[in-house]
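The structure appears right after this line, and notes come after that.
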Amino acid sequence: MFVTSAFAQESAPAATEGETHAATGVPAEAHGTFPPFNPATYPSQLLWLAITFGLFYLFLKRVVMPRVGGIIDVRNDRITQDLDHAARLKGEADAAVAAYEQELAEAKGKANAIGQQANDAAKAEAEAARKTIEAALDQKLGEAEARISSIKANAMKEVGTIAEDTASAIVEALVGGKASKAEIAAAVKSVAG
Amino acid sequence: MAADKVDPIHQFQIHPIIPIHIGGYDLSFTNSALFMLATVAVAAAFLYLSTSSRSLVPGRLQSVSEMAYEFVGNMLRDAAGTQGMKFFPFVFSLFMFVLVANLLGLFPYFFTITSHIIVTFGLAALVIGTVVVYGFTKHGLGFLKLFVPHGVPVYLLPLVVLIEVISFVSRPVSLSVRLFANMLAGHITLKVFSGFVVSLSALGAVGVAGSVLPLAMAVALTALELLVAFLQAYVFAVLTCMYLNDALHPGH
Numbered sequence: 267m268f269v270t271s272a273f274a275q276e277s278a279p280a281a282t283e284g285e286t287h288a289a290t291g292v293p294a295e296a297h298g299t300f301p302p303f304n305p306a307t308y309p310s311q312l313l314w315l316a317i318t319f320g321l322f323y324l325f326l327k328r329v330v331m332p333r334v335g336g337i338i339d340v341r342n343d344r345i346t347q348d349l350d351h352a353a354r355l356k357g358e359a360d361a362a363v364a365a366y367e368q369e370l371a372e373a374k375g376k377a378n379a380i381g382q383q384a385n386d387a388a389k390a391e392a393e394a395a396r397k398t399i400e401a402a403l404d405q406k407l408g409e410a411e412a413r414i415s416s417i418k419a420n421a422m423k424e425v426g427t428i429a430e431d432t433a434s435a436i437v438e439a440l441v442g443g444k445a446s447k448a449e450i451a452a453a454v455k456s457v458a459g
Numbered sequence: 069m070a071a072d073k074v075d076p077i078h079q080f081q082i083h084p085i086i087p088i089h090i091g092g093y094d095l096s097f098t099n100s101a102l103f104m105l106a107t108v109a110v111a112a113a114f115l116y117l118s119t120s121s122r123s124l125v126p127g128r129l130q131s132v133s134e135m136a137y138e139f140v141g142n143m144l145r146d147a148a149g150t151q152g153m154k155f156f157p158f159v160f161s162l163f164m165f166v167l168v169a170n171l172l173g174l175f176p177y178f179f180t181i182t183s184h185i186i187v188t189f190g191l192a193a194l195v196i197g198t199v200v201v202y203g204f205t206k207h208g209l210g211f212l213k214l215f216v217p218h219g220v221p222v223y224l225l226p227l228v229v230l231i232e233v234i235s236f237v238s239r240p241v242s243l244s245v246r247l248f249a250n251m252l253a254g255h256i257t258l259k260v261f262s263g264f265v266v267s268l269s270a271l272g273a274v275g276v277a278g279s280v281l282p283l284a285m286a287v288a289l290t291a292l293e294l295l296v297a298f299l300q301a302y303v304f305a306v307l308t309c310m311y312l313n314d315a316l317h318p319g320h
């Protein structure tokens with residue numbers, strides 16, 4: 267768009283320049299003065315600069331800058347929001363991990379307690395059984411000892427009689443007479459005594 | 069016409085397109101005015117259309133608009149602080165106007181509005197005018213502290229104040245001449261080297277072969293001018309920011 271107009275303008279004035287100036291009575295651009303230092307063009311350039319730059323300024327201030335600023339603000343808000351969201355999710359994940367670990371520790375503790383309890387119970391049972399058995403054995407031992415001692419006592423009681431019989435037999439065989447029962451008993455008693 | 073082709077000054081001529089005369093002043097719509105209009109139209113259309121989708125994830129063109137916006141915004145914030153942001157639309161308009169005017173001027177047959185001292189002076193005067201008007205309305209006579217630096221011995225004060233005043237007064241001149249002279253000199257050089265190509269080519273086969281050198285030079289200069297176009301727009305905007313900072317904080 268600008269190319270064509272500029273090109274047209276560049277090529278056209280060569281022919282029309284003189285006429286335009288003659289027709290409008292503009293102080294013709296003195297050929298020889300350097301164009302940027304030609305004061306005749308100053309009012310027009312200042313006026314159009316003021317108009318175009320003024321419009322540009324207003325357009326940027328009213329339309330473009332709020333829009334670009336808005337875009338950037340929205341993006342920054344979005345980024346902070348996303349970061350917050352991420353931080354919150356991370357917090358939640360951390361809490362879940364902590365809860366899991368706590369539960370795990372509790373379960374471990376409980377398992378240990380149960381194991382210990384079972385162990386203790388088993389030990390106590392074994393101990394009780396051992397005690398019962400020991401008690402029974404002791405009792406049997408006692409009974410046996412009592413029986414042994416009674417048998418022994420009986421045996422010992424019979425020993426005197428046997429000795430008297432033996433002694434009377436020996437006396438009869440050696441002496442050929444009969445010793446009285448009372449004498450033999452006294453003699454046995456004195457030996458056994 | 070052939071002579072005009074080689075004349076490096078011809079490109080700066082101003083021709084009326086629609087003659088307008090009011091009160092003895094020539095206010096014609098000229099080729100200069102046409103390109104001011106084109107500059108504004110191109111810059112505004114680009115900024116408007118590239119951001120029309122308002123994408124959260126910007127495309128290329130929207131990125132360019134956003135980069136320009138943030139570039140100028142950061143420049144102004146660095147130079148003049150957050151208080152300076154009330155001048156953001158002004159500085160952004162100036163930057164975009166000068167930049168697009170410089171870039172448009174690089175197209176062959178296009179008129180470069182910033183190669184006219186009155187245009188650059190108009191913009192510089194607008195900047196300094198803003199600084200002076202804002203400085204006095206905001207700080208009253210306190211704005212004059214701008215000319216009295218702190219910690220200067222009393223016997224040196226008249227000299228320092230004189231220097232500060234001269235430096236302040238020369239600001240619009242330096243601001244406008246810098247841009248004007250850069251664009252003018254660049255375009256004259258481009259035209260001269262391109263003219264060599266045309267003149268040499270007219271001399272026959274040897275001339276055509278020889279014209280390769282000025283052609284290469286013209287290509288290299290075009291690249292340089294592209295850089296200058298950006299650089300001068302940047303310099304203009306940066307200096308504007310610094311002058312506005314003076315208006316905001318005259319006590320240094």
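Those protein sequence lines, which keep their order, are chains A and B.
Heads up, the first sequence stops at 459 in our numbering, and the numbers go up one at a time, no gaps.
Heads up, the second sequence stops at 320 in our numbering, and the numbers go up one at a time, no gaps.
Cβ atoms here follow ideal geometry from the backbone N, Cα and C, with glycine treated the same way.
Just so you know, these numbers come straight off a predicted model, no measurement behind them.
Within a Cβ cutoff of 8 angstroms, which residues of the same chain sit near L117/B, ignoring the five residues on either side of it in sequence? Position 49 of the second sequence, counted from the start, is the residue given in the question as residue 117/B. So the list reads L129, once near-sequence residues are dropped.
Whether or not the segment 158 to 171 of chain B and the segment 290 to 310 of chain B are in contact is what I'm after, with contact meaning three or more pairs of Cβ atoms, one per stretch, closer than 8 angstroms; do they touch? yes
Would DSSP call I317/A helix, strand or coil? Counting from one through the first sequence, the residue named residue 317/A turns up at place 51. I317/A: helix per DSSP, three-state reduction.
Could you give the distance in angstroms between the alpha-carbon of T427/A and the alpha-carbon of A452/A? Residue mapping note: residue 427/A aligns to position 161 of the first sequence, counting from 1. Residue mapping note: residue 452/A aligns to position 186 of the first sequence, counting from 1. Each residue's alpha carbon lies about 12 angstroms from the other.
Exposed unless 16 or more other CB atoms sit within 10 angstroms - verdict on N420/A: Within the first sequence, numbered from 1, the residue matching residue 420/A stands at position 154. Per the 10 Å Cβ criterion, exposed.
Neighbouring residues, chain B, relative to A306/A (Cβ below 7 angstroms): Within the first sequence, residue 306/A is the residue found at index 40, counting from 1. Within 7 angstroms Cβ-Cβ: D94.
Would you mind sorting S416/A into buried or exposed? The rule is 16 or more other CB atoms within 10 Å of its CB. Here residue 416/A refers to the residue found at position 150 when the first sequence is read from its first residue. Classification of S416/A: exposed, given that the 10 Å Cβ count is below 16.
Got a sec? Which residues, its chain only, sit under 6 angstroms from G254/B by beta carbon, not counting five neighbours each side? Locating residue 254/B in the second sequence gives position 186, counting from the first residue. Closer than 6 angstroms at Cβ, skipping near neighbours: E293 and V296.
Top-ranked residue by Cα proximity to L258/B, from T98/B, L289/B, L162/B and D94/B: Translated into positions along the second sequence, residue 258/B becomes position 190. Of the candidates T98/B, L289/B, L162/B and D94/B, the one whose C-alpha sits nearest the C-alpha of L258/B is L289/B.
Examine chain B for any beta-carbon lying closer than 8 angstroms to the beta-carbon of T318/A, and answer yes or no. Residue mapping note: residue 318/A aligns to position 52 of the first sequence, counting from 1. At least one chain B Cβ lies under 8 angstroms of T318/A.
Among F156/B, A193/B, V274/B and V140/B, which residue has its Cα nearest to the Cα of R239/B? If you number the second sequence from 1, residue 239/B lands on position 171. Considering only alpha carbons, the answer is A193/B.
From this set, G152/B, F97/B, I86/B and V166/B, which residue's C-alpha is nearest M251/B's C-alpha? Residue 251/B sits at position 183 when you count from the first residue of the second sequence. Checked all of G152/B, F97/B, I86/B and V166/B; the closest Cα to M251/B is V166/B.
Please give the ranges of any alpha helix (DSSP H) in the segment 115 to 184 of chain B, keeping only runs that are unbroken, at least 4 residues long and fully inside the region. 128 to 148 and 156 to 173
Is DSSP giving H83/B helix, strand or coil here? Taking the second sequence and counting its residues from 1, the one referred to as residue 83/B is at position 15. Reduced to three states, the DSSP call for H83/B is coil.
Within the segment 353 to 418 of chain A, ranges of the alpha helix (DSSP H) (whole runs, at least 4 residues): none
Alpha helix (DSSP H) segment containing H255/B, residue limits: For the purposes of this step, residue 255/B is identified with residue 187 of the second sequence, where counting begins at 1. L225 to S269 is the span of the alpha helix (DSSP H), which, as asked, contains H255/B.
Can you tell me whether DSSP reads D431/A as helix, strand or coil? In the first sequence, counting from the first residue as 1, residue 431/A sits at position 165. Correct three-state label for D431/A: helix.
Counting Cβ pairs, one atom from each stretch, are 3 or more of them under 8 angstroms apart for the segment 232 to 247 of chain B and the segment 145 to 165 of chain B? no
Just the Cα atoms here: how many angstroms apart are V334/A and A373/A? As a working note, residue 334/A is residue 68 in the first sequence. As a working note, residue 373/A is residue 107 in the first sequence. Distance between the alpha carbons of V334/A and A373/A: 58 angstroms.
Does F163/B get closer than 8 angstroms to chain A when you measure Cβ to Cβ? Stepping through the second sequence from its first residue, residue 163/B is reached at position 95. So, not an interface residue.
Where I414/A and L407/A are concerned, what is the direct C-alpha to C-alpha distance, given to the nearest angstrom? Counting from one through the first sequence, the residue named residue 414/A turns up at place 148. Counting from one through the first sequence, the residue named residue 407/A turns up at place 141. Cα to Cα, I414/A sits roughly 10 angstroms from L407/A.
Just the C-alpha distance for I85/B and Q151/B, rounded to the nearest angstrom, thanks. Residue mapping note: residue 85/B aligns to position 17 of the second sequence, counting from 1. Residue mapping note: residue 151/B aligns to position 83 of the second sequence, counting from 1. Taking the straight line from one Cα to the other gives about 43 angstroms.
Do V274/B and P76/B count as a contact pair if the criterion is CB distance below 8 angstroms? In the second sequence, residue 76/B corresponds to position 8, counting from 1. In the second sequence, residue 274/B corresponds to position 206, counting from 1. Going by C-beta atoms, P76/B is not nearer than 8 angstroms to V274/B.
Buried or exposed: where does G291/A fall if 16 or more other Cβ atoms within 10 Å of its Cβ makes it buried? Counted from its first residue, the first sequence places residue 291/A at position 25. Interpretation of G291/A is limited by its pLDDT of 39, a score under 50 that renders its predicted location unreliable; no figure is taken from the coordinates.
CB contact check: Q311/A to chain B, cutoff 8 angstroms: Within the first sequence, residue 311/A is the residue found at index 45, counting from 1. It does: the Cβ of Q311/A has a partner Cβ on chain B nearer than 8 angstroms.
Please state the DSSP three-state secondary structure of F204/B. In the second sequence, residue 204/B corresponds to position 136, counting from 1. It is helical.
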